[in-house]
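Enquirer: Sending over a structure as structure tokens; questions will come in a sec.
So, in structure tokens, the structure goes:
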């Protein structure tokens, strides 16, 4: 009999709660600090930026949080998402291992970002917000938020990192289809943007800069709030639906992963798939390896420093305890725009520090090679970001074969690459520069941090 | 309780046979003719172009044909495809009707074309073919065939209609990812292409021209065969898996359509969803309306003539009995490149003539408007081709509301528009010219036909 390729769940099997890892962490995350006083900030410090319900989730230690019906209803547009057994990829590799992937690119936004976009738009609308500002790197987050805001009747203003704005005009157009306004960042619309442009008129931008711009607009207007697509605890909370579904699907497949892999930008797609498996370890002692894969040119987890730093370039956020390359660091213009972020989410940072997570860094060229092998075998053209997870999975399969063992590998295919196809053109033109950020360069970047 | 949005089938529920409508047609299709003798041609006349198994399917009158295991296995990468209830679209329209859509864009190629690409590549490989040539309009067919050929170890040469090649660089790159070679058509590589370029060096190309070029290369080499993405009986046969799944899914939903709608280029996506419902009428007397929607600028079904004509521009194919605008007709450069074909498949032509199918023509601007409404409500960005089916469904819902009745409407969402996003840009720029081909223009086009 042929091997089953897809493990599906019905809408009725979709989880109805998000899982909050904070409840099970042996060392709780350190608190965010007020940069001026260096004292822990309370939830009230965030009210200019976020609606109250999201602030509550940000600081919650409850293990489970109910997903509102309105959010579940929109999730049903595309969830549960399929889990695939990579039958053709395994065959091409000749590996003894089993490779599974959870595909989060099958929804309207083309990535996992829809899971938190829908939730964030819903809570904002419920609290009377009229407009949302946000940043986007490669554009998946902006697309996700555009549809969600339009659905709930909210205006959306997106600051899109300039290098991605130029590389990926399709993403901007997609946001326009969903009724959003898109501005290349750094822009002259904000003080934060103007300051960067004064220093470097050709700045390619970065997620850190775009965040500063979006926050600046939000705090100026009581009816405008800001929304972030990764990093924060509430964002990661919303993504845990991925891993909860994957647990049910692996059970349906009669299997359990030895290792769970995700690419790493701010932490949300990795945490989304990984944390429910970590819960199984914390609660039931089920062994698991969790592996993040980040770009060698933006290696905060493998070469960054665990310290308090700002989440944005201009220093508008509270100070967060995280692995960072310094909030002024501007990463190389790699095509995985969603991974071009200087820091890592607080939850992942603490868990990495405590040894529950492994991190590795990869060069973009090797990742694209893996992405093309994946496309030619499994069909789906992966987002540049997702190729890092694929490359990580290929490494694990090859390593297992060298050791003469069969492992069960699960990775998160966080998005498709239809709107990032120009990156593949660069690959074929042999025009994908690779830069490995050295320890010295990281130290230099961190020494530049000013508070 | 919330309405269910998706009706899914498991891999085990996937149909294992294709359905051949010829077995149930009251008037069988007229035979293809040899252009020189005007006598019916036999299967042997096609052996230079197609492998024997596909020729057998082309002329078969068997009701069911088994799907080979190797084809079923690749179908499982993405089939069964989901059937959606368009809950959000219905709400936005305020309609009393129920709207369902079968989504064929969720696979690697982004359209229904994968269903026949996999089958055609398989049969060619089985009969020792080494290289395949084909044409592509918007690029969905070329992408579908690229992956399938690469999977089965076949080379692929794609002649891509020049206007689409220029409008949609992403599609060319996607084919490159899947290892295919792509040539803009008309090209200097063939006599057919050179002849067109002599007459008009700036020719935008057409599917008819690209077919001539691909066939010319195929007939010159015994190890090269040609492959067509629509129109022919065997292509339509392979697409019937769509409608067979939809029948099972409608049953699961406890519903049955009053009308089934598809956009119309050569006939394959429409026939694929519609013919199994027509089988239910022929065999069990279940009432159904079948509606095709074609561009007003390429209206072969609504304004063309039923006659014998060539399937390609250069006159390399047999003469086929079909609705046509004349094989030399070059349609307007609309963005629905897949609908820019002068003729209609023989099966659909006969069934339209016999009154089993309805046809209507729409302007591209109105279709894009429908496509944007669809994207903003249901999330999925439709291919320009698929917006014609959407526009048809919107018409039906509004008509039912005017009549004060509730109908059940089913349409085929044949593909996504991620790689056609520049067309949406043109829409927002108010730069989508609309041309309605008049009866006089059609008569003029047909009078130019030479044999």
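Chains as they are written, first to last, in our numbering: chain F, 1 to 451; chain P, 1 to 451.
Backbone N, C-alpha and C fix where the C-beta goes; we use that ideal spot for every residue, glycine too.
All figures in this text were calculated on a predicted structure; none of them were measured in a lab.
First and last residue of the alpha helix (DSSP H) that includes residue 224 of chain P?
Expert: Counting from one through the second chain, the residue named residue 224 of chain P turns up at place 224. Segment 224–227 is the beta strand (DSSP E) holding residue 224 of chain P; no alpha helix (DSSP H) there.
Enquirer: Comparing alpha-carbon positions, which option in F:273, F:422, F:434 and F:395 lies nearest residue 101 of chain F?
Expert: Start at 1 with the first residue of the first chain, and residue 101 of chain F comes out as number 101. Scanning F:273, F:422, F:434 and F:395 for the CA closest to the CA of residue 101 of chain F turns up F:273.
Enquirer: Buried or exposed, going by whether 16 or more other CB atoms sit within 10 Å of the CB of residue 167 of chain F?
Expert: The count along the first chain starts at 1 and reaches residue 167 of chain F at position 167. By the neighbour-count definition (other C-beta atoms within 10 Å, threshold 16), residue 167 of chain F is a buried residue.
Enquirer: For the segment 142–173 of chain P, which residues have a CB atom closer than 7 Å to at least one CB atom of chain F, in sequence order?
Expert: 147, 150, 170 and 173
Enquirer: Would you tell me roughly how many angstroms separate the C-alpha atoms of residue 352 of chain P and residue 359 of chain P, rounded to the nearest one?
Expert: Locating residue 352 of chain P in the second chain gives position 352, counting from the first residue. Locating residue 359 of chain P in the second chain gives position 359, counting from the first residue. Approximately 8 Å, taken between the alpha carbons.
Enquirer: Mind listing which residues of the segment 98–112 of chain P have their C-beta closer than 9 Å to chain F's C-betas, in chain order?
Expert: 106, 107, 108, 109 and 110
Enquirer: Taking Cβ-Cβ distances shorter than 7 Å, what residues in chain F pair up with residue 372 of chain P?
Expert: What you label residue 372 of chain P is simply residue 372 of the second chain in a count that begins at 1. What residue 372 of chain P touches in chain F: 177.
Enquirer: For a contact meaning CB atoms closer than 9 Å, what does residue 375 of chain F contact in chain P?
Expert: For the purposes of this step, residue 375 of chain F is taken as the residue at position 375 of the first chain. Within 9 Å Cβ-Cβ: 108, 147, 174, 177 and 178.
Enquirer: When the cut-off is 8 Å and only beta carbons count, does residue 28 of chain F lie next to chain P?
Expert: For the purposes of this step, residue 28 of chain F is taken as residue 28 along the first chain, with counting starting at 1. No, no contact with chain P.
Enquirer: Using the three-state DSSP reduction, which class does residue 433 of chain P fall into: helix, strand or coil?
Expert: For this step, residue 433 of chain P is matched to residue 433 along the second chain. Residue state, collapsed to three classes: coil.
Enquirer: Could you confirm whether any beta carbon from chain F is found closer than 8 Å to the beta carbon of residue 6 of chain P?
Expert: As a working note, residue 6 of chain P is residue 6 in the second chain. By this cut-off, residue 6 of chain P is an interface position.
Enquirer: Determine the closest residue to residue 413 of chain F out of F:262, F:156 and F:329, with distance taken between C-alpha atoms.
Expert: Position 413 of the first chain, counted from the start, is the residue given in the question as residue 413 of chain F. Considering only alpha carbons, the answer is F:262.
Enquirer: State the beta-bridge partners of residue 306 of chain F as determined by DSSP.
Expert: Locating residue 306 of chain F in the first chain gives position 306, counting from the first residue. Partner(s): F:323.
Enquirer: With a threshold of 8 Å between beta-carbons, can residue 342 of chain F be considered close to chain P, or not?
Expert: Taking the first residue of the first chain as 1, we reach residue 342 of chain F at position 342. Cβ-Cβ to chain P under 8 Å: no for residue 342 of chain F.
Enquirer: For the segment 323–352 of chain P, which residues have a CB atom closer than 9 Å to at least one CB atom of chain F, in sequence order?
Expert: none
Enquirer: Looking only at C-alpha atoms, which of F:292, F:76 and F:198 sits nearest to residue 357 of chain F?
Expert: Locating residue 357 of chain F in the first chain gives position 357, counting from the first residue. Nearest C-alpha to residue 357 of chain F: F:292.
Enquirer: Quick check: is the beta carbon of residue 76 of chain P nearer than 8 Å to any beta carbon in chain F?
Expert: Start at 1 with the first residue of the second chain, and residue 76 of chain P comes out as number 76. For residue 76 of chain P, the answer is yes, since a Cβ of chain F falls inside 8 Å of its Cβ.
Enquirer: Can you say whether residue 235 of chain P is buried or exposed, counting buried as having 16 or more other CB atoms within 10 angstroms of its CB?
Expert: One-based indexing of the second chain puts residue 235 of chain P at position 235. Result: buried.
Enquirer: Determine the extent of the beta strand (DSSP E) in which residue 66 of chain F is found, giving its start and end residues.
Expert: What you label residue 66 of chain F is simply residue 66 of the first chain in a count that begins at 1. Element bounds for residue 66 of chain F: 64–66.
Enquirer: Return the chain-ordered list of same chain residues with a C-beta closer than 6 Å to the C-beta of residue 66 of chain F, the five sequence neighbours on each side being excluded.
Expert: The residue labelled residue 66 of chain F in the question sits at position 66 within the first chain. Residues 17 of the same chain have their beta carbon placed closer than 6 Å to that of residue 66 of chain F, with the five preceding and five following residues left out of the count.
Enquirer: Among P:156, P:8 and P:205, which one has its Cα closest to the Cα of residue 83 of chain P?
Expert: Mapped onto the second chain, residue 83 of chain P falls at position 83. Cα-wise, what sits closest to residue 83 of chain P is P:8.
Enquirer: Would residue 418 of chain F count as contacting chain P if we go by Cβ distances under 8 Å?
Expert: If you number the first chain from 1, residue 418 of chain F lands on position 418. Chain P contact via Cβ: present.
Enquirer: In or out: residue 226 of chain F buried (at least 16 other Cβ within 10 Å) or exposed?
Expert: Position 226 of the first chain holds residue 226 of chain F. Buried, by the Cβ-count rule.
Enquirer: Cβ of residue 232 of chain F within 8 Å of Cβ of residue 58 of chain F?
Expert: The residue you call residue 232 of chain F lines up with position 232 of the first chain. The residue you call residue 58 of chain F lines up with position 58 of the first chain. Yes, the Cβ-Cβ distance between residue 232 of chain F and residue 58 of chain F is below 8 Å.
Enquirer: For residue 89 of chain P, decide whether its Cβ has a neighbour in chain F, counting only Cβ atoms nearer than 8 Å.
Expert: Your numbering for residue 89 of chain P matches position 89 in the second chain. Cβ-Cβ to chain F under 8 Å: no for residue 89 of chain P.
Enquirer: Measure the alpha-carbon distance for residue 48 of chain P versus residue 194 of chain P and round it to whole angstroms.
Expert: As a working mapping, residue 48 of chain P is identified with position 48 in the second chain. As a working mapping, residue 194 of chain P is identified with position 194 in the second chain. Cα-Cα distance, rounded: 22 Å.
Enquirer: Kindly list, in the order they appear in chain P, the residues whose Cβ is closer than 9 Å to that of residue 10 of chain F.
Expert: Mapped onto the first chain, residue 10 of chain F falls at position 10. The answer, in chain order, is 4, 6 and 8.
Enquirer: Between F:438, F:328 and F:260, which has its C-alpha nearest residue 411 of chain F's C-alpha?
Expert: Along the first chain, one-based indexing puts residue 411 of chain F at 411. The residue with the shortest Cα to Cα distance from residue 411 of chain F is F:260.
Enquirer: Is residue 171 of chain P helix, strand or coil when you go by DSSP?
Expert: Along the second chain, read from residue 1 onward, the residue named residue 171 of chain P stands at position 171. Residue state, collapsed to three classes: helix.
Enquirer: Find the nearest neighbour of residue 325 of chain F within the set F:158, F:237 and F:306, judged by alpha-carbon distance.
Expert: Taking the first residue of the first chain as 1, we reach residue 325 of chain F at position 325. Residue 325 of chain F has its Cα closest to that of F:306, out of F:158, F:237 and F:306.
Enquirer: Taking the straight line between their C-alpha atoms, what separation do you get for residue 210 of chain P and residue 281 of chain F?
Expert: Counted from its first residue, the second chain places residue 210 of chain P at position 210. Counted from its first residue, the first chain places residue 281 of chain F at position 281. Roughly 58 Å separates the two Cα atoms.
Enquirer: Could you tell me whether the segment 284–299 of chain F touches the segment 309–317 of chain F, where touching means 3 or more Cβ pairs closer than 8 Å?
Expert: no
Enquirer: Check whether the segment 418–425 of chain F touches the segment 165–181 of chain F, taking contact to mean three or more Cβ pairs, one atom from each stretch, closer than 8 Å.
Expert: yes
Enquirer: Under 8 Å, do residue 349 of chain F and residue 437 of chain F count as touching if we go by C-beta distance?
Expert: As a first step, residue 349 of chain F must be located in the first chain, where it is residue number 349. As a first step, residue 437 of chain F must be located in the first chain, where it is residue number 437. Residue 437 of chain F is positioned such that its CB atom lies no closer than 8 Å to that of residue 349 of chain F.
Enquirer: I need the DSSP call for residue 135 of chain P, collapsed to helix, strand or coil.
Expert: Indexing the second chain from 1 puts residue 135 of chain P at position 135. Correct three-state label for residue 135 of chain P: strand.
Enquirer: Which class does residue 160 of chain F belong to by DSSP, given the choice of helix, strand or coil?
Expert: Locating residue 160 of chain F in the first chain gives position 160, counting from the first residue. Here residue 160 of chain F sits in strand by DSSP.
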